[in-house]
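> Chains L and V, in that order, give the protein sequences. Using our numbering, you'd call the opening residue of the first sequence number 2 and step up by one each time. Using our numbering, you'd call the opening residue of the second sequence number 2 and step up by one each time. Glycine is no exception: its CB is placed at the ideal position from the N, C-alpha and C atoms. Have a look at this one.
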Amino acid sequence: MTANTKLDPKVPSGPLADRWTRHKFELKLVNPANRRKFHVLVVGSGLAGASAAASLSEMGYRVTCLCIQDSPRRAHSIAAQGGINAAKNYPNDGDSVFRLFYDTIKGGDFRARESNVHRLAEISTAIIDQCVAQGVPFAREYGGLLANRSFGGAQVSRTFYARGQTGQQLLLGAYSALMRQVGLKKLTMLPRREMLEVVLVDGVARGVIARNLVTGEYERHAADAVLLCTGGYGNVFYLSTNAKACNVTATWRAHRRGAYFANPCFTQIHPTCIPVSGSHQSKLTLMSESLRNDGRVWVPKQTGDARAPGSIPEDERDYYLERKYPSFGNLVPRDVASRSAKEQCDQGRGVGPSKMAVYLDFRDAITRDGEDVIRAKYGNLFQMYERITGENPYQVPMRMYPAVHYTMGGLWVDYNLESTIPGLFVLGEANFSDHGANRLGASALMQGLADGYFVIPATIASHIAGRKLAPIKSDHPAFAEAENDARSRIQRILGMKGTRSADSIHRELGLTMWNQCGMARNAAGLKSALQTIRNLRSEFWENLRVPGEPNELNPTLEHAGRVADFLEFAELLATDALTREESCGGHFREEHQTPDGEAQRDDANYCHASAWEYQGEGRPAVLHKEPLAFEVVKPSTRSYK
Amino acid sequence: MSTSPTTGRMHVTLEIWRQKSASEPGRFVPYELDDVSPDMSFLEMLDVLNERLVAKGEEPIAFDHDCREGICGSCSLVIDGSPHGPERETTTCQLHMRRYRDGARITIEPFRARAFPVVKDLVVDRGAFDRVIAAGGFVSVNTGSAPAANAVLVPKDAADRAMDAAACIGCGACVAACPNGAAMLFVSAKVSHLALLPQGGPERDRRVLSMVETMDAEGFGHCTNHFECGAACPKGISVENIARLNREFLRAALKTPVVSRSSGSDD
Ligand SMILES: Cc1cc2nc3c(=O)[nH]c(=O)nc-3n(C[C@H](O)[C@H](O)[C@H](O)COP(=O)(O)OP(=O)(O)OC[C@H]3O[C@@H](n4cnc5c(N)ncnc54)[C@H](O)[C@@H]3O)c2cc1C
Ligand code: FES
């Protein structure tokens, strides 16, 4: 636990509201004619990657972009439903850049950097302008103006949306900008590629090793800057709302080469997901937070009440969120809503076949507004629910249970989004920067696009113009060495011929993480999780079986490689959770709660970001702390009562 | 993470297309699977089969999938002759086994079309769609140059109809369903989405000409009004878009000399 020069957040000084403008002015510039001399490698084509790749290419940099899926349009961002925040204040309900900043800092339970969050709020409005100009079909009012709705943790309506498919429409916007550059032959898009190593030359990121997932070939990509836009690590829990290909591989491999990993224990559990239906379950489906605008959450007052919901009379229902948090009601932030659902189920008031669910009931909204209005707002979500459960939510309340959804932790980055490896930038969910210990709804899309459209186009110059970069070719020995590392791992995986599938080990890992490192954590549980993780890792490396060949499409092999990295990363996550002896946001340590069961922060000892430095296999990572200074918003106990 | 008591397990017989690579011939291989829960999704049923194959040291069946909630467009599969299977407006990943009865026999094949070569087993290469978008499926607006969002009013009705078309997930079921392997529904959805919005106006002609040209060059067939595409679309994209595409194309073709059609520069 040392002060560390690598952990310089490079936050500009001066009044908070002027910092970004001043920083942009003080940053070096790369002259337009020179930009084409520099090659930028973007790993990932979600909102962060696609927006960054397109914008940098438009500016004149040579850009190559890699993604795992068969098309950049299929990145996990496509699945975001509810919306994107921006401080436009169109509804005239008192919003402002400062209020969005304030809500995000408070929502993050005072564990994010003020300067970054203020910049995010500032940029938010330009994102909406950009997306509208691209043709993103946001919802509109009859007068032709943009419509808004409200999301958890806010008392204003600042969320822009495109039905229940906001992520899809925003990603298709960024994707179209990306493909336009491809069409203009300014950008090379390489789908079905997986990055397996970052390549460092003289301590600076100068490229990556990727595997062509169709041919199995290893590719060396040399570059002047590398951007990791590879999303979150929620699938360390096996079951999550993330797409199946979401992984920690890119960020973990970078961590192993020197990038610090920050706050890995800050994971978000979303309160409203369709409950697990059986041991075959392969992923969980989110029901957008926007449903809590109209749906009321309740459980029967009596434990073990097995009556059908319709036959439970009004006075025998407990609308526990409205009761406990009268001013925010059903729209309390996610961490609070999730923990409350768990508490109800743990006390025996859960509903449905598994008893691990609470009701989200639209009866009153349908009576008030009519079924048509509700259908127009949420039709596709209701349909999705019915497909999965076989129940009609217009007639029977939805059954919901929390599920892993988002990861606030990620690679540590400074104000320029640069990691502790010079030349390696990290954008979107893959970094740790803006959401502290809990992300507010509709803020991930905002952050991914802020990073990609507006932050990196300015800050990349700090590296490109600020350092002397010798020309680099992929025949440099550093590439050969990194390629060899990647190759030998894959060979080892294929060589074992044991009896366990990677999927079965992944499931077991997930169950441990969920039970001991999920919504509520305690020291004993975390220590036992650490032991289980180590055992599973040995099991993996001794008893794995992956059929098929290395030199052709082999999805089982791809998955096994990702599980190998999850098995290493899980240990860091649990260690971080064990070390953070406080409760904040999504990190709830049972030892640290108020008498009425709310999270108890410890600002005296834990008002910092924990940044972990890799020390080699089998050696404990070293913790560095970036102190968080709150100059503008005084940390207070979050209250949504 | 508890298990619900599951009612009645099912037995199914699967006939699955196996093909090692594009250059090798493929064939149907039968698989028996019991212990299928009606609550499983179709892909979870394939996961179970793949776990069995791994246990036996056999190579699992390759299929594309990612979000498993009907939005990414990764999953494909022709199930008993229909792209995405029997349920209306439902992707393969959203299809559930409760749709089938005990003892069902199900055939599973890849999406087949000249423009979508098989990569392996049930996986095909749909890269042609990306190339069609690169030819014009965008508004040329560099980052930072956008006017204020509410500066241009968009009638709610136009925005809603644009959204109807923009909901396309690019899965390719329309192509797989078409006897000619045409991509008209996909292309028309993008052309319509942008033609319905004022933001798409300035490039309207150039866009449609260039996208259609690329569509033809990629080996997609011609539309002869079968409209199988609309029936197969998991997102309910309307075939009215095809009529709009035809109008847009004619309008543009009559105005634009043949020489200057390609997507041009970005300035
Ligand atoms: C169901 C759901 C609903 C959501 N709804 C909302 C919402 O309404 N509002 C909101 O603000 N947020 C929402 N979120 C969160 C938000 O969608 C994500 O945080 C955000 O989209 C992440 O974007 P990204 O660009 O950082 O990463 P992603 O979209 O995850 O993209 C990652 C990219 O990296 C690539 N990649 C990953 N690893 C590698 C590798 N090793 N090699 C090569 N490429 C790699 C992938 O192929 C992909 O292209 C939701 C999330 C989920 C799961
Ligand atoms: S897996 Fe994404 S649409 Fe089916």
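(1) Can a CB atom of chain V be found closer than 8 Å to the CB of residue 164 of chain L?
(2) Specify whether the segment 421-433 of chain L and the segment 99-112 of chain L touch according to this definition: at least 3 beta carbon pairs, one from each stretch, less than 8 Å apart.
(3) From residue 426 of chain L to residue 255 of chain L, what distance separates their C-alpha atoms?
(4) Classify residue 308 of chain L: buried if its beta carbon has 16 or more other beta carbons within 10 angstroms, exposed otherwise.
(5) Using a C-beta to C-beta distance shorter than 9 Å, which residues of chain L count as neighbours of residue 193 of chain V?
(6) Please name the residue, chosen from L/504, L/268, L/590, that lies closest to residue 560 of chain L on a Cα-to-Cα basis.
(7) According to a CB-to-CB cut-off of less than 7 Å, which residues of the segment 283-294 of chain L neighbour chain V?
(8) Could you check the C-alpha separation between residue 267 of chain V and residue 213 of chain L for me, to the nearest Å?
(9) Answer yes or no: do residue 514 of chain L and residue 545 of chain L have a C-beta to C-beta separation smaller than 8 Å?
(10) Report the partner residues of residue 212 of chain L according to the DSSP bridge assignment.
(11) Does the CB of residue 157 of chain L have a neighbour CB from chain V at under 8 Å?
(12) At a CB-CB cut-off below 9 Å, which residues of chain V make contact with residue 454 of chain L?
(13) Can you give the Cα-Cα distance for residue 183 of chain V and residue 174 of chain L, rounded to whole angstroms?
(14) So which residues of chain V does residue 135 of chain L contact, with C-beta pairs closer than 9 Å?
(15) What residues in its chain sit with their C-beta under 7 Å from that of residue 55 of chain L, if we drop five residues either side in the sequence?
(16) Can residue 225 of chain V be considered in contact with ligand 1, in the sense that its beta carbon sits closer than 7 Å to one or more heavy atoms?
(17) Jot down the residue ranges of each uninterrupted alpha helix (DSSP H) in the segment 352-397 of chain L, minimum 4 residues, whole runs only, in chain order.
(18) First and last residue of the beta strand (DSSP E) that includes residue 63 of chain L?
(19) Which one or two residues does DSSP pair with residue 613 of chain L in a beta bridge?
(20) If you compare alpha carbons, which of L/405, L/400, L/435, L/409 is closest to residue 417 of chain L?
(21) What's the call for residue 596 of chain L, buried or exposed, on a 16-neighbour Cβ count within 10 Å?
(22) Residues of chain V with CB under 9 Å from residue 56 of chain L, in chain order?
(23) Identify every run of the alpha helix (DSSP H) within the segment 178-238 of chain V, keeping only runs that are complete inside it and at least 4 residues long; order them along the chain.
(24) Taking the straight line between their C-alpha atoms, what separation do you get for residue 60 of chain L and residue 112 of chain L?
(25) Going along chain V, which residues have a C-beta under 8 Å from residue 70 of chain L?
(26) Output yes if chain L places a C-beta closer than 8 Å to the C-beta of residue 48 of chain V; else output no.
(27) Is it true that the segment 454-462 of chain L meets the segment 120-138 of chain L, where meeting means three or more beta-carbon pairs spaced less than 8 Å apart?
(28) Using beta-carbon positions only, say whether residue 226 of chain L and residue 220 of chain L come within less than 8 Å of one another.
(29) Residue 195 of chain L: which of L/187, L/186, L/217, L/207 sits nearest, CA to CA?
(30) Does any CB atom of chain V fall closer than 8 Å to the CB of residue 361 of chain L?
(31) Kindly identify the DSSP beta-bridge partner or partners of residue 110 of chain V.
(32) Got a sec: is the Cβ-Cβ distance from residue 41 of chain L to anything in chain V below 8 Å?
(33) Mind pulling the chain V residues with CB within less than 7 Å of residue 245 of chain L?
(34) Quick check on DSSP: helix, strand or coil for residue 594 of chain L?
(35) Can we say the segment 388-404 of chain L touches the segment 358-366 of chain L, given the rule of at least three CB pairs closer than 8 Å?
(36) Which of the three DSSP states is assigned to residue 111 of chain L in this structure?
Answer, in terms of the structure:
(1) So yes, residue 164 of chain L belongs to the interface.
(2) Contact fails: fewer than three Cβ-Cβ distances are below 8 Å.
(3) Taking the straight line from one Cα to the other gives about 11 Å.
(4) Around the beta carbon of residue 308 of chain L, a 10 Å sphere encloses fewer than 16 other beta carbons of the protein chains shown; the residue is thus reported as exposed.
(5) Residues of chain L passing the Cβ test: none, with the nearest at roughly 11 Å.
(6) Answer by Cα proximity: L/504.
(7) Listed by position, the residues of the segment 283-294 of chain L near chain V (Cβ gap below 7 Å) are 283, 284, 286.
(8) Model confidence at residue 267 of chain V stands at a pLDDT of 40, short of 50, so the residue's coordinates are unreliable; what they give is reported in the following sentence. Each residue's alpha carbon lies about 31 Å from the other.
(9) Between residue 514 of chain L and residue 545 of chain L, the C-beta gap is not smaller than 8 Å, which leaves the two residues out of contact.
(10) Under DSSP, residue 212 of chain L takes part in a beta bridge, and its partners are L/195, L/219.
(11) Interface flag for residue 157 of chain L against chain V is unset, since no Cβ pair is found closer than 8 Å.
(12) Neighbours of residue 454 of chain L on chain V, chain order: 144, 145.
(13) Distance from the CA atom of residue 183 of chain V to the CA atom of residue 174 of chain L, rounded to whole angstroms, is 25 Å.
(14) 139, 140, 142, 147, 200, listed in chain order.
(15) Within the same chain, 175, 178, 179, 182 come within 7 Å of residue 55 of chain L by CB-CB distance, once the 5 residues on both sides are set aside.
(16) Outside the cutoff, so no.
(17) 364-370, 372-390, all fully within the segment 352-397 of chain L.
(18) In the DSSP assignment, residue 63 of chain L falls within the beta strand (DSSP E) that extends over 63-67.
(19) For residue 613 of chain L, which the question treats as bridged, DSSP gives the partners L/262, L/624.
(20) Cα-wise, what sits closest to residue 417 of chain L is L/435.
(21) By the 16-neighbour rule on beta-carbons within 10 angstroms, residue 596 of chain L is exposed.
(22) In chain order: 143, 144, 145.
(23) Fully enclosed alpha helix (DSSP H) runs of no fewer than 4 residues occupy 185-196, 205-218, 229-233 of the segment 178-238 of chain V, in order along the chain.
(24) Their Cα atoms are separated by approximately 34 Å.
(25) Near residue 70 of chain L (Cβ distances below 8 Å), the residues of chain V are 67, 73, 75.
(26) Taking Cβ atoms only, chain L reaches closer than 8 Å to residue 48 of chain V, which makes this a yes.
(27) The answer is yes - the segment 120-138 of chain L touches the segment 454-462 of chain L, with three or more Cβ pairs under 8 Å.
(28) With contacts defined by Cβ atoms closer than 8 Å, residue 226 of chain L and residue 220 of chain L do not form a contacting pair.
(29) Closest option to residue 195 of chain L, judged by alpha-carbon separation, among L/187, L/186, L/217, L/207: L/217.
(30) For residue 361 of chain L, no CB of chain V lies under 8 Å from its own CB, so it is not counted at the interface with that chain.
(31) Beta-bridge partners of residue 110 of chain V (DSSP): V/79.
(32) So no, residue 41 of chain L is outside the interface.
(33) When 7 Å is used as the limit between beta carbons, residue 245 of chain L is near these residues of chain V: 66, 67, 69, in chain order.
(34) Strand.
(35) The segment 358-366 of chain L and the segment 388-404 of chain L touch, with three or more beta-carbon pairs separated by less than 8 Å.
(36) Correct three-state label for residue 111 of chain L: coil.
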